[in-house]
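Here the sequence shown is numbered in the numbering used here, starting from 401 and rising by one per residue.
We treat Cβ as the ideally placed atom computed from N, Cα and C, and that holds for glycine.
Encoded as structure tokens, the structure appears first; notes follow it.
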Amino acid sequence: MSNLDIHIHKFGGTSMGDSDCISKVAELISQQKTTQQIIVVSAMKGVTTHLVEACLLAQQKNDNYKNNLNTIRTTHITAIDKLISEPYKSELFKQLDADLIEIQDLLKGVWLAKSLPESTLEMVSGYGELWSSLLLTSYLNQKGQPAERMDTRDFLTIKKGEIGPVVLWEKSLSKLNELQPLASGKILVATGFIARNEEGINTTLGRNGSDFTASILGKLFSAKSVCIWTDVDGVFSADPRYVPEAQLVEHLTYQEAMELAYFGAKVLHPHTMGPAIEKEIEIKIRNTFNPKCEGTLITKQRDEGGLAVKGFATIEHIALLNVEGSSMVGVPGVAQRLFGSLKEVGVSVVLISQASSEHSICFAIPNSQTQLAEKAIRETFFNEIHHGRIQSIQVFKDCSILAAVGDNMAETPGVSGKFFTSLGNAGVNVRAIAQGSSERNISAVIDSHQTIKALNAVHAAFYLSNFTLSIGLIGPGIIGKTLISQIQELQEKIIKDSQLDLRIRGICNSKNMLLDKTRLDVNKWEENFKSSTLKANLEEFANHIHADHIPHSVIIDCTASETVAEHYCDWLEKGIHIITPNKKASSANIKSYNNLQNTLRENNSFYFYEATVGAGLPIISTLKDLIETGDEILKIEGIFSGTLSHIFNELNVNTKFSDIVSDAKQRGFTEPDPRDDLSGMDVARKVVILAREAGYSVDLTQIPIESLIPSDFPENLTIDEFMQKLPSLDDSIKRLVIKADEIDSVIKYVGSIDKDGNASVGIKSYSKDHPFARLTGTDNIIAFTTQRYFKQPLIVQGPGAGPEVTAAGVFADLLRLANHLGAKLR
401 MSNLDIHIHK FGGTSMGDSD CISKVAELIS QQKTTQQIIV VSAMKGVTTH
451 LVEACLLAQQ KNDNYKNNLN TIRTTHITAI DKLISEPYKS ELFKQLDADL
501 IEIQDLLKGV WLAKSLPEST LEMVSGYGEL WSSLLLTSYL NQKGQPAERM
551 DTRDFLTIKK GEIGPVVLWE KSLSKLNELQ PLASGKILVA TGFIARNEEG
601 INTTLGRNGS DFTASILGKL FSAKSVCIWT DVDGVFSADP RYVPEAQLVE
651 HLTYQEAMEL AYFGAKVLHP HTMGPAIEKE IEIKIRNTFN PKCEGTLITK
701 QRDEGGLAVK GFATIEHIAL LNVEGSSMVG VPGVAQRLFG SLKEVGVSVV
751 LISQASSEHS ICFAIPNSQT QLAEKAIRET FFNEIHHGRI QSIQVFKDCS
801 ILAAVGDNMA ETPGVSGKFF TSLGNAGVNV RAIAQGSSER NISAVIDSHQ
851 TIKALNAVHA AFYLSNFTLS IGLIGPGIIG KTLISQIQEL QEKIIKDSQL
901 DLRIRGICNS KNMLLDKTRL DVNKWEENFK SSTLKANLEE FANHIHADHI
951 PHSVIIDCTA SETVAEHYCD WLEKGIHIIT PNKKASSANI KSYNNLQNTL
1001 RENNSFYFYE ATVGAGLPII STLKDLIETG DEILKIEGIF SGTLSHIFNE
1051 LNVNTKFSDI VSDAKQRGFT EPDPRDDLSG MDVARKVVIL AREAGYSVDL
1101 TQIPIESLIP SDFPENLTID EFMQKLPSLD DSIKRLVIKA DEIDSVIKYV
1151 GSIDKDGNAS VGIKSYSKDH PFARLTGTDN IIAFTTQRYF KQPLIVQGPG
1201 AGPEVTAAGV FADLLRLANH LGAKLR
């Protein structure tokens, strides 16, 4: 229409919310450095809703419609009083009151007739834009910015179509040319939402009408850009309400924006963009309340080499219908009959997926239309159903559609694999799949209760946010405390190198727990934990850690508690992964152990327990590697206790057993009660774990354990009383040492498993040139004799106890879990 540099700016109801907002809008308008501005405005916040409610109340003969009109008047009077001076103020008051009298007369007729014609509803609901445009025009003129109101009803002509209003372009353009609105050179303030039909009767553009107005004006005026000002920074990679790590998308193509809008992105409606796209006008989405942010730019050009997936969106409250039958295979016209029947009854089909065999068709529709759709299908295919040629019509309600959108998906290998792998790793069940022929989107139908988890899972997988793990730590003792320090020390590096965000969101002991919705402050966790008044509750703790907005959750059990271990199966069933140095679950009675293994097989959760044997040493993983590569285990033998390793390494003909134990206790090498070490039970549990790992059905009760505590020692001794009686063992231990020394050997406390699964725990002697004899300090040593490692066993040796190495073993399992879930560790 013009060679001017024309830019359209649309301000919605939130942007026009009150006097402060309108003042902000005027300021933004003054900052635009363009030749010609056309400003499209919506009604002030809540006004259209009040007008529609007033109409409906009047139809119901409810006199409260007058209260709605009074509220509307107060809203505008308040804004006018704060913004406008004379002579504009009196003119606005006069116009407002005249319009409200006209509305009241219309609604009185509705009240009397108890009938609300559509034309009346559309006329009344459009008044808000008339008032807001007058208000902004007056304010701009008052501020010295020449402005003129443009009532779009004077030229914009539409008719009703099947899917919404249809613009009569030739008629609208002809009327606009007659008006010559650009001749004045002023800022044009246009009414959004409202128009007239072919008969000249007032009507509206329906939902998102003001956005549509802006796009229409962009085409009519051949504008350079259309900027939609709203209350968010632009289009995000996912809905920030559900995905806290969602990022602003700086650029989208028209097609990407249309796909995201279709699948539920709230910023734009796909219908509103059509006119601007047709003329290749760039569209901007910006935040009225954060104008420093450049927002999202939508253009024809795509980002070469950019992200494969620009964003994710969901459509909720969906039902999935699946029609299966032999009569559908190879029979022309079945799909046409099916979808024709749905069209006839007004059912909106959102997504279609058909088996390549043509044996079944599934499609998604709104939940509310399920009964209507099923009835239509059964009537249309009555004969086929009656004769068994259509076997089933299945209905799955309460579903959501999750879509990934990006123009670069077609040229990027592995997008589908990553998309569905991330859903699988998060335990999300996919009911149906569809992909556009343009390869611009992948859609999956999922259960609605998994929507947030699924959205976060796929979002994290494509590096639009850090790959996040929600971590709950039970047992903040010396090992747990050390683990927190290790995570804290490497957190920034891991995020930078691997986009892996390890979020400790909860800490719990037997009495209290500390929780945070986002993440705990690991610098102050001890102080905050001590002051926490939240009582320990493992069920509440697990529910908190298993948050929907974070796709992956793990509980790290750093206790030695059997009670905590008893919760593992419940947590695994919920989709919570488990990492632990706690031996109780893996060495429990065989029934409980088998139940744990069955739970793991039936669920998509991981259980890592490397640190249960040898702390940070790769003992379990080595054994697994041997078995998985086809080696045959002939014997496993080792010194599994750091405490007993130290005690027996110090034993010789000149030392006393009791002195060594007392010294070890004072140095913190033993448990607070040394009997926990000397009983041999800890070693036996580790032997059971390895035996089961090797495939043997071994129970703790089946293993002969040579306890270092004599059976005649009373069980009710205090720790001090026990230590006082300990010297009575010196002679018997000394005899074993001397006997071994006479044959150039030493004694060690060992656990072993033979090729038949027979296990034992106790004292054995080894020649002084044996690897076990050369052990020092608190080291563990484990020898694997296998078919491949027969002449010389495979030996794993190193520190097998202590908070640093145990925590490191747990930390390694945590990173191993992240890798299994799809994180790319570097």
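DSSP state of residue i mapped onto helix, strand, coil
{"i": "glycine 528", "result": "helix"}
{"i": "leucine 934", "result": "coil"}
{"i": "lysine 543", "result": "coil"}
{"i": "histidine 949", "result": "coil"}
{"i": "glutamine 810", "result": "Note that residue 810 corresponds to alanine in the displayed sequence, not to glutamine. If DSSP states are grouped into helix, strand and coil, alanine 810 belongs with coil."}
{"i": "methionine 523", "result": "helix"}
{"i": "valine 566", "result": "strand"}
{"i": "tyrosine 1189", "result": "coil"}
{"i": "proline 675", "result": "helix"}
{"i": "glutamate 716", "result": "strand"}
{"i": "isoleucine 887", "result": "helix"}
{"i": "valine 1098", "result": "coil"}
{"i": "tyrosine 662", "result": "helix"}
{"i": "methionine 416", "result": "coil"}
{"i": "arginine 549", "result": "strand"}
{"i": "aspartate 611", "result": "helix"}
{"i": "tyrosine 979", "result": "Tyrosine is not the amino acid found at residue 979; the sequence shown has isoleucine there. Isoleucine 979 falls in the strand class under three-state DSSP."}
{"i": "alanine 498", "result": "helix"}
{"i": "isoleucine 587", "result": "strand"}
Nonlocal neighbours in the same chain, by C-beta distance under 6 angstroms from residue i, ignoring five residues either side
{"i": "leucine 920", "result": "Ile904"}
{"i": "phenylalanine 867", "result": "Ala860, Gln899, Leu900 and Ala1223"}
{"i": "isoleucine 1060", "result": "Ile1047 and Glu1050"}
{"i": "threonine 1070", "result": "Thr1043, Ala1064 and Asp1077"}
{"i": "aspartate 631", "result": "Thr414"}
Short CB-CB distance (under 8 angstroms) between residue i and chain B
{"i": "serine 1152", "result": "Chain labels in this structure do not include chain B; a single protein chain is all it has."}
DSSP beta-bridge partners of residue i
{"i": "serine 1005", "result": "Paired residue(s): none; serine 1005 is not in a bridge."}
{"i": "arginine 903", "result": "Ser870"}
{"i": "arginine 596", "result": "Thr557 and Asn602"}
{"i": "aspartate 1179", "result": "Pro1199"}
{"i": "isoleucine 1249", "result": "Only positions 401 to 1226 of the chain appear in this structure, which leaves residue 1249 out of reach."}
{"i": "threonine 653", "result": "Thr699"}
{"i": "tryptophan 629", "result": "Phe411 and Arg686"}
{"i": "cysteine 762", "result": "Asn722 and Ser753"}
{"i": "tyrosine 1166", "result": "Val1146"}
{"i": "glycine 711", "result": "Val805"}
{"i": "cysteine 908", "result": "Ile874 and Met913"}
{"i": "phenylalanine 819", "result": "Per DSSP, none; premise fails for phenylalanine 819."}
{"i": "serine 792", "result": "Glu724"}
Chain-order list of residues whose beta-carbon lies under 8 angstroms from that of residue i (same chain, five-residue window excluded)
{"i": "cysteine 693", "result": "Asp633, Gly634, Leu648, Arg686 and Asn687"}
{"i": "leucine 1254", "result": "The structure shown does not extend to residue 1254, since the chain is modelled only from 401 through 1226, so no value can be given for it."}
{"i": "isoleucine 563", "result": "His671"}
Sequence-distant residues of its chain with Cβ nearer than 7 angstroms to residue i (five each side left out)
{"i": "aspartate 1099", "result": "Asn989 and Ile990"}
{"i": "glutamate 529", "result": "Val441, Ser442, Ala443, Thr591, Gly592, Phe593 and Ile594"}
{"i": "glycine 706", "result": "Asn808"}
{"i": "serine 574", "result": "none"}
{"i": "tyrosine 1166", "result": "Ser1145, Val1146, Lys1148, Phe1172 and Ala1173"}
{"i": "leucine 720", "result": "Cys762, Ala764, Phe796, Cys799, Arg831, Ala832 and Val845"}
{"i": "lysine 571", "result": "Thr557"}
{"i": "isoleucine 894", "result": "Leu900 and Leu902"}
Checklist entry - In chain order, which continuous runs of the beta strand (DSSP E) of length 3 or greater are located wholly inside the stretch 1018 to 1054? => result 1033 to 1039
Checklist entry - With a cut-off of 8 angstroms, do at least 3 Cβ pairs link the stretch 547 to 556 to the stretch 591 to 606? => result yes
Checklist entry - Enumerated in chain order, which unbroken segments of the alpha helix (DSSP H) with a length of 4 residues or greater are wholly contained in the stretch 1107 to 1161? => result 1119 to 1125 and 1130 to 1142
Checklist entry - Is the stretch 1166 to 1186 touching the stretch 1029 to 1048, taking contact as three or more C-beta pairs under 8 angstroms? => result yes
Checklist entry - Just checking, does the stretch 823 to 834 make contact with the stretch 875 to 882 on the three C-beta pairs under 8 angstroms criterion? => result no
Checklist entry - Any contact of the stretch 693 to 709 with the stretch 733 to 748, i.e. 3+ C-beta pairs under 8 angstroms? => result no
Checklist entry - Any chance the stretch 798 to 808 sits against the stretch 708 to 723, with 3 or more Cβ pairs inside 8 angstroms? => result yes
Checklist entry - Along the chain, which unbroken stretches of the alpha helix (DSSP H) at least 4 residues long are found entirely within the stretch 440 to 486? => result 447 to 459 and 465 to 483
Checklist entry - Counting Cβ pairs, one atom from each stretch, are 3 or more of them under 8 angstroms apart for the stretch 953 to 962 and the stretch 1209 to 1221? => result yes
Checklist entry - Any contact of the stretch 1180 to 1198 with the stretch 989 to 1008, i.e. 3+ C-beta pairs under 8 angstroms? => result no
Checklist entry - Can we say the stretch 1004 to 1013 touches the stretch 1113 to 1131, given the rule of at least three CB pairs closer than 8 angstroms? => result no
Next on the checklist: With three or more C-beta pairs closer than 8 angstroms as the rule, is the stretch 741 to 753 touching the stretch 772 to 790?
Outcome noted: yes
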